[in-house]
Amino acid sequence: MTSDTLIQFALYILFLPLLGFLLLIFFGKRLPRQGDWIATGILGVTLLLSLIILFVKLLSYPAETFISQFTWIDFGDVPFIGPISVELGIMLDNLSVIMLVVVTLVSFLVHVFSIGYMQGDVRYSRYFAYLGLFSFSMLGIVITHNFLMMYIFWELVGLSSYLLIGHWYEKKTASDAAKKAFIVNRIGDAGMFVGIMIIFVTFSTFTFEKIFDSIAVGTIPFGSEAWLTAAGILIFCGAIGKSAQFPLHTWLPDAMEGPTPVSALIHAATMVAAGVYLIARTFTIMTGDALMVITYIGLITAIIGAVIAITQFDIKKVLAYSTISQLGYMVMALGTGAFTAGFFHLVTHASFKAGLFLGSGSVIHAMHEALHKKHDHQTDPQDIRNMGGLKKKMPVTYLTFLIFTLAISGVPFTSGFLSKDEILAGTLGFASVTGHYLVPVLAFLVAGLTAFYMFRLLILTFHGDHADSSRENDIHESPGVMTIPLIIFAALSLWFFYSFNPFGASSGWFYAAIERPMSVVPSVVQPVAAEVFKDAVHHAHTLAMVLSILIAGLGILFAFVVYHFRRVDADRLKNAAGPLYDFSYNKLYFDEMYDRSVVGGTMGLSNLSKWFDDTIIDGIVNGSAAITRWWSAFTGRFDNVVIDGLVNFSAYFTGFIGLILRKFQTGKVQTYIVFVIFSIIVFFFIFRTL
Amino acid sequence: MTYCIAQIPQWLAEPGLTHFLVISAILFSLGLLAVLTRRNVIMVLMGIELLLNSANINFIAFARYTTLALDAHLIALFVIILAAAEAAIALAIVLNIYQQFSTVNVDEVSTLRE
């Protein structure tokens, strides 16, 4: 198979979901089954094509990058700047090829799951249409070869995410969450836009390759590396928004208002991974300082997410915060230079986190039906305190959920273990090279916390007895369309897909395909640094593995002690933690803080401008109106009195004169003669002296 | 033999231009008086004749007593002819007026006023 065929396939993959979107949005309601089979079928085809591309690319062209581009706008030779042209095109390298499979796979399985989960929904066809739009946008991000298309698809992802979160927009919380997600994302995107503009102003092109090449030969923005650092951090701002990094992470938990499959697709596996993917794409232009910022932002996010997730009771909220935490992990890994590990975690996380969300969807679906049967609309079907004991009722969901939980906790023989282990080794290597020992310490802490809260969730949901025995019999396992995707995801969460060695991924195909790209930044002495780092990671590997197994085991043990065997009372722990618990339960008061500062500030500002508008602007307008009125009254008066007076006066005067003169017109010739003679005499006397 | 009954006043002894002018002025005034005061159109016309004739006297007098290069006799004759023509037209008008208004009284013919 030639590269042309691959490019063609990639274009099919990109545009088929768009076709599906257009079909469904216009004709969805008229199609049989509202067209869900079209959307699902299209995604199935794209998945197939992606798999073909993956295999062909990795087996036949493992080291090549295919680019297909055309010039969209050619400005020619612009005076003072030089030639500027904007190219659009797609790029297939190992990174994008793997990402293609991840996106299409998760999207396809979510489509299948949605057929069961969204059955009977009011806007069933529209839901599938938006899923198609989302897939299109996400695939665009993945295979683009320039910043411009990246930004366009980036915004499209934001839009479709907004549409999907707000799918049940009748619910105030849902529409609010959609708005919040969109606006918070925009904040990050603004930074990204500025970053892209710094790059464009310097290099007059958006194409990744050209930019990398220019930097490699020493061209940097405005001749200063600080600008390159700034550009890197600003582009990373886009990732902060999309990947829900601190401090813009607050939109992700709220986005759980959307349908659960959407959460699985967008807020676990693909959209939030876009940020990580962006960092991976632009990794080569990141300076050392920018990478340090990325590392710490990721670390902070990982801790915040884990700490909050411990105390949440909403099943989806726990997963949301765990997602934030894991995304922080990936970002941190990329920042430390554990490039492959970070991206590997993105891939493994995509399958087990999508699975977790779909599993929670299955649970919520069952709870919802049971509650519905009892006409109970008070009990929250998503609250894990209302669950428990679902193990026997939903065996498939339980087993798959268990595998996902083991994977995310980093237990051996799962994919999560492989990637997490690599990340931890990476942080240890990073620490031994740079001396930032805080990073691995906190990373291990997060690993322990993750194991703890995930097993807390699992135990509270599936183990023990059901909270309300009266509805226990109404809970049933979900239908096949929902359980089969779970089983597939569970299979993908096992180790053998990625590496035959369950204790190390570095010998697997993934590590062969994805290699840390060389930095093009001149100041980073790359080959040496990379070698040193690689050595450090290698030395740290065994230690990281042992430690991570130990810590994960500790977290799991603790969760079982507290929640399963109830040797330690959870309430006593809560009281012992005191304010710390409240701090975590209230999500570290981030929302309140933003409410007070940003929202409050904005409201204050808008109130101020409203006051300004009402008082000053309206005052000026009203004042000018009053002045105009007064002036027109004045001119009216002037017109009525003076002008009309003059006109009338002249008329009256003429009339008066006429009144006098008519006396002289007697009609008697003789009188006239008298006048004539009199006049002659008068004239005679007047002109006598002349 | 010289009879000298009385000393004839100087102004009578030698009649001059002034006398004629005075006569003319008197005649003019009389004519004017007739034009202005008479109600009968015929009388008004007669007054006009007097006015014309007073002018004639002036012309002739100036021709006699001054050295002004004035063909006064000719003008006088011209005025006489003009007066005759005017009288003819005027009388025709008077006849018409009489036919129209059944009167030759100037006061009662005041349609010009309207």
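The listed protein sequences derive, respectively, from chains Z and E. FYI, in the numbering used here the residues of the first sequence are 71 to 760. FYI, in the numbering used here the residues of the second sequence are 1021 to 1134. For every residue, glycine included, the Cβ atom is placed at its ideal position computed from N, Cα and C. As the structure is a prediction and not an experimental result, all values here were calculated from the model.
Residue environment: I493(Z) is assigned as buried (16 or more neighbouring CB atoms within 10 Å of its CB, all protein chains considered). If you check each beta-carbon in the segment 1097 to 1112 of chain E against every beta-carbon of chain Z, none falls closer than 8 Å. Look at V1114(E): its C-beta is not under 8 Å from any C-beta on chain Z. Contacts between V1055(E) and chain Z, judged by CB atoms closer than 8 Å, involve Q740, I743 in chain order. The three-state reading of DSSP puts D535(Z) in coil, since its state is none of H, G, I, E or B. Here the segment 549 to 566 of chain Z makes contact with the segment 421 to 430 of chain Z; the two share three or more CB pairs at distances below 8 Å. Taking a cut-off of 8 Å on C-beta distances, the segment 188 to 199 of chain Z does not touch the segment 247 to 258 of chain Z, as fewer than three cross pairs fall below it. Per DSSP, the continuous alpha helix (DSSP H) segment holding E662(Z) begins and ends at 660 to 664. Neighbours of D1127(E) across chain Z, judged by C-beta separation under 9 Å: K738, Q740. Cβ-Cβ distances below 7 Å link Y581(Z) to T410, A575 in the same chain, with the five nearest sequence neighbours on each side left out; the list follows chain order.
Closest in alpha carbon position to G358(Z), among L203(Z), A390(Z), F427(Z), E295(Z), is E295(Z). Here G431(Z) is near Y187(Z), since their CB atoms are less than 8 Å apart. Under the three-state reduction of DSSP, T759(Z) is assigned to coil, being neither helix nor strand.
Counting along the chain, the unbroken beta strand (DSSP E) around P153(Z) starts and ends at 152 to 162. DSSP, read as helix, strand or coil, puts F136(Z) in strand.
Residue environment analysis places E327(Z) among the buried positions, since at least 16 neighbouring C-beta atoms fall within 10 angstroms of its C-beta.
In this structure, DSSP gives L1088(E) a state outside helix and strand, which the three-state scheme calls coil. At least one CB atom of chain Z sits nearer than 8 Å to the CB of L1052(E).
T475(Z) and F525(Z) have their alpha carbons spaced roughly 7 Å apart. Pairing D665(Z) with V287(Z), the inter-Cα distance amounts to about 47 Å. Taking a Cβ-Cβ threshold of 9 Å, the residues of chain E close to I747(Z) are L1052, L1056, in chain order. A distance below 6 Å between beta-carbons, with the five flanking residues on each side excluded, links V377(Z) to the following residues of its chain, in chain order: S654. Taking the Cβ atoms as the reference, L460(Z) lies roughly 6 Å from T531(Z), within the contact range of under 8 Å.
According to DSSP, D453(Z) shares a beta bridge with D384(Z).
Q315(Z) counts as buried, since no fewer than 16 other beta carbons sit within 10 angstroms of its beta carbon. Every unbroken stretch of the alpha helix (DSSP H) spanning 4 or more residues and falling wholly within the segment 1092 to 1132 of chain E is given here in chain order: 1092 to 1121. Nearest neighbour of L117(Z) by Cα position, chosen from A80(Z), L716(Z), G105(Z), D144(Z), turns out to be A80(Z). The beta carbons of P572(Z) and F483(Z) sit closer together than 8 Å.
Contact between V212(Z) and V173(Z) is confirmed by a C-beta separation of about 6 Å, below the 8 Å threshold. Taking the C-beta atoms as reference points, V126(Z) is found no nearer than 8 Å to W142(Z).
Looking at E662(Z), F566(Z), R586(Z), the one whose alpha-carbon comes closest to that of A408(Z) is R586(Z).
Within the same chain, L530, T531, F532, H533, G534, D535, H536, A537 come within 8 Å of G458(Z) by CB-CB distance, once the 5 residues on both sides are set aside. D147(Z) sits in a strand when the DSSP states are folded into three classes.
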